[in-house]
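Visitor: Residue numbers (this note's numbering): 4 to 97. Glycine is no exception: its CB is placed at the ideal position from the N, C-alpha and C atoms.
As structure tokens, this is what we get:
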């Protein structure tokens, strides 16, 4: 079991670079999630035969995009922090 390069205990602070990378990952992940979600929502709207009357298909696509963005943005932040060596907030599930 190798030691990770940065071992953050509960008393150590997260480096500024990790915080900045996390913020950048959240912005990029949110934008990517919206783009992927709009594409997925558009495909699903046509597959489910959602009516385009009164912009129902557009509302459906935007709803799917928001759901995907709410999943992708926090995931990209956590993945980036893990990549920077952060392994948790000192809590254990044991």
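1. With distances taken Cα to Cα, identify the nearest neighbour of residue 50 among 39, 58, 64 and 37.
2. Would residue 46 be called buried (16 or more neighbouring beta carbons within 10 Å of its own) or exposed?
3. Using only the alpha-carbon positions, how far apart do residue 29 and residue 77 sit?
4. Taking the beta carbon of residue 54 as the centre, do at least 16 other beta carbons fall within 10 Å, making it buried, or is it exposed?
5. In terms of residues, what are the limits of the alpha helix (DSSP H) holding residue 20?
Guide: Based on what the coordinates show:
1. 64
2. exposed
3. 7 Å
4. exposed
5. Bounds of the alpha helix (DSSP H) holding residue 20 are 19-50.
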